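Scroll down for the structure; my scribbles are underneath it.
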Amino acid sequence: MGIVYLSDENISASSIVQRWLKTLPAEKNGGVNVWIDKYFYRALDMCRRIDTVISTTEFGMINSCLSHIVSNCASESDFLCGLIDGLTSNMMKKDRHVCEKTLQGWIGESCDWTNEVRCKIDDSAFLPNENIVISSRIRRALMLLRPWIEKHDPIIIVGPEGCGKTMIVEQVFVHYKSTGVATLSCNEWTKPHDVIQKIEETCLLSSSSEGHVYRPRDTQRMVLFLKDIDVVAMDEYGTCMLISFIHQLLTYKGFFNSKAIFCRVERVQVVISVHGRFVEGRNIISRRLTTLSKILCVDHPDAEEMTSICSTLLARQFENKENLCVPHEIKNIEQRDGFAQSMVNILISVKAAVRSDGNYDYKFSLKTLKLWIENLTRYKNCMFISCVTHEALRQFGDPISGKESYKNIRRIIFSTLNEYHDESLDGGKINHFSTLGDGSLSFNSCLSPITSR
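Structure, rendered in structure tokens:
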């Protein structure tokens, strides 16, 4: 069997589009054909000049774009919104905004994600969890994933640590009945055998007229979620056995087992999470895999979004706990926003201080803030500001090993809280808390120099 390799220059965008148009119903073909000629090729030429978060081929970019057009082409404005969704799903935030602004200017209409018409998501359908806040950033991600999930397309979710990739995967499949999620957290030594073992655990092997086939054991469909696949080590030739195996699984819909018998896999969708930009310890994903997959870039929440999330979590934590009154410091929304703003500023300042000290192993993110807020409900019979300060030292100070770095982080916490709140915090005093039998913390106080741990 011979193999012919084609570069992007040998692939005609019009041929791909014409093949796709033949799959549309006759009543939609006419209007979409006109809009394709009017907008699609102009938009594609513009996006070719913009860097994507993960490298992919033009074939992959076109297929990703068409997947959103087919589900959203009732009118010209809907067509353009689908075009924006498909072309910008693999772009950084600043590049995406430039592309969106240009495309929206062609028809003079906005395609904002806060638009209720576009964002048809019912909050009651989400997984009930008081620690989850669905922001417009998450809504955008959920809406972009829907057409790919309905077609069982392989998906790559790209984003920095702590941006909510795992939470998005958990939330999006709540809408689909009889769907299970099997998660495999990858590390440097993850091999294809680990993926096969996960498939064997969650699927049932049966025989058919076409040979052996794996189908989900307890559900109608199964999602194989591979977390952080870009941390898997490359071999001496610069290739990754795991990524090659996933490419084979997607291309041939199966794999060869230990007895060299080909086993097909049915009703299993592959979802992958990666970090994105190349950093130390992370590898670049092969374009052979990204071409077959739909790619979604998830941005890290900005300070304004994190403040809104923290304010909402503060309200939820104390309102949903029995026998726990809301502290007077956060009874109204202005006070909660003030506390939330100070918490976010502490996070930003601590991350900057850690980077300046060269301690790149310490990872602080929105997850740290959520854990900080969640643990505040354990404190009883003490000043709320003391609880906030003590828990901040536990979350940000305890992981730090160096004494000077710890002192610097402690100063950041005390100075930030003193700036935002009326109560004066003495940096020379440490509040000590002892754990009670019910898991709560009781308050004690003593004098201690700031240099002590």
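Each residue of the sequence shown is one higher than the one before, starting from 1 at the first, in full-length UniProt numbering.
Glycine included, C-beta positions come from ideal geometry on N, C-alpha and C.
These numbers were taken from a predicted model, which means no experiment stands behind them.
Other residues of its chain near residue i: CB distance less than 7 Å, five sequence neighbours each side excluded
i, result
"GLY164", "ILE138, VAL298"
"ASP230", "VAL274, HIS275, ARG282, ASN283, ILE285"
"TRP20", "LEU66"
"SER365", "GLU161, GLY162"
"TRP148", "SER67, ILE155, LYS294"
"ALA125", "Since pLDDT at ALA125 reaches only 47, below the 50 mark, its modelled position is unreliable, and no value is offered."
"GLY60", "THR290, THR291"
"LEU347", "PHE364, THR368, LEU369"
"ASP85", "HIS68, LEU144"
"SER401", "none"
"GLY211", "PHE262, ARG264"
"ARG355", "none"
"ASN359", "SER405"
Contact under 7 Å by Cβ, residue i with residue j
i, j, result
"VAL265", "VAL223", "no"
"THR291", "THR56", "yes"
"LEU144", "LEU296", "yes"
"LEU314", "ARG336", "yes"
"SER342", "TYR420", "yes"
"GLU9", "TRP35", "no"
"ILE134", "GLU58", "no"
"PHE173", "THR166", "no"
"VAL158", "ILE54", "yes"
"VAL350", "PHE396", "yes"
"GLU334", "PHE384", "no"
"PHE255", "LEU249", "yes"
"ASN408", "ALA353", "yes"
Same chain, Cβ closer than 8 Å to residue i, five either side skipped, listed in chain order
i, result
"PRO399", "TYR362"
"LYS177", "GLN220"
"ILE107", "GLU76, SER77, LEU80"
"LEU127", "In this prediction, LEU127 scores a pLDDT of 49, lower than 50, which makes its location untrustworthy; no coordinate-derived value is stated."
Candidates the options: closest to residue i by CA position
i, options, result
"TYR252", "GLN341, CYS263, LYS259", "CYS263"
"THR368", "ASN345, GLY358, PHE384, MET383", "ASN345"
"THR102", "ARG355, ILE69, SER405, CYS47", "CYS47"
"ILE196", "VAL270, TYR39, HIS152", "VAL270"
"residue 454", "THR52, ILE54, ASP37", "What the structure shows of the chain is the stretch from 1 to 453, and residue 454 is not part of that stretch, so it cannot be assessed."
"ASN63", "VAL34, LEU83, ARG140", "LEU83"
"HIS390", "VAL158, ARG267, SER401, ILE413", "ILE413"
"LEU44", "ALA233, THR179, VAL17", "VAL17"
"THR388", "GLU404, ARG410, SER401", "First, the amino acid is wrong: residue 388 is Val here, not Thr. The residue with the shortest Cα to Cα distance from VAL388 is ARG410."
"LEU371", "GLY238, ASN29, ILE309", "ILE309"
"GLU150", "GLU236, ASN359, VAL70", "VAL70"
"PRO216", "VAL232, ALA233, LYS198", "LYS198"
"ASP51", "SER209, GLU404, HIS193, MET91", "MET91"
"LEU31", "GLY402, ARG49, ALA74", "The amino acid occupying residue 31 in the given sequence is Gly; Leu does not appear at that position. GLY31 has its Cα closest to that of ALA74, out of GLY402, ARG49, ALA74."
"ASP95", "GLU374, SER206, ARG49", "ARG49"
"GLU374", "ILE132, SER15, HIS193", "ILE132"
"ILE261", "ASP194, PRO327, SER207", "SER207"
"TYR193", "PRO327, THR307, ASN359, SER258", "According to the sequence shown, residue 193 is His rather than Tyr. Answer by Cα proximity: SER258."
"LYS191", "ARG394, VAL232, LEU376", "VAL232"
"ALA13", "ARG355, PRO25, PHE40, ASN29", "PHE40"
"LEU417", "THR307, SER386, GLU404", "SER386"
"LYS403", "PRO25, ASP357, MET234, ASN33", "ASP357"
Nonlocal neighbours in the same chain, by C-beta distance under 6 Å from residue i, ignoring five residues either side
i, result
"CYS99", "THR88"
"ILE272", "ILE156, LEU226, ILE229"
"LYS120", "Any reading at LYS120 is ruled out, since the residue's pLDDT is 48, under 50, leaving its predicted position unreliable."
"SER311", "ARG336, ASP337, ALA340"
"VAL268", "MET222, LEU224"
"ARG146", "none"
"VAL4", "none"
"PRO327", "PHE384"
Closer than 7 Å to chain B by CB, residue i
i, result
"ILE62", "In the structure shown, chain B does not exist; there is a single protein chain."
At what residue ranges does the segment 285-337 contain a whole run of the alpha helix (DSSP H), taking only runs of 4 or more? 287-292, 303-319
Contiguous alpha helix (DSSP H) assignments of at least 4 residues, all confined to the UniProt domain "AAA+ ATPase" (151-302): 165-172, 192-202, 241-252, 287-292
Count the CB pairs spanning the segment 300-316 and the segment 180-200 that are closer than 8 Å, and state whether there are at least three. no
Are the segment 239-250 and the segment 200-209 touching by the rule of at least three beta carbon pairs closer than 8 Å? Segment contact: the segment 239-250 against the segment 200-209, fewer than three CB-CB distances shorter than 8 Å; contact not assigned.
Considering only residues of the segment 28-55, which uninterrupted alpha helix (DSSP H) runs meet the minimum length of 4 residues and lie entirely inside it, listed in chain order? 41-48
Return the chain-ordered ranges of every alpha helix (DSSP H) run that is complete within the segment 340-424 and spans a minimum of 4 residues. 366-375, 384-392, 403-420
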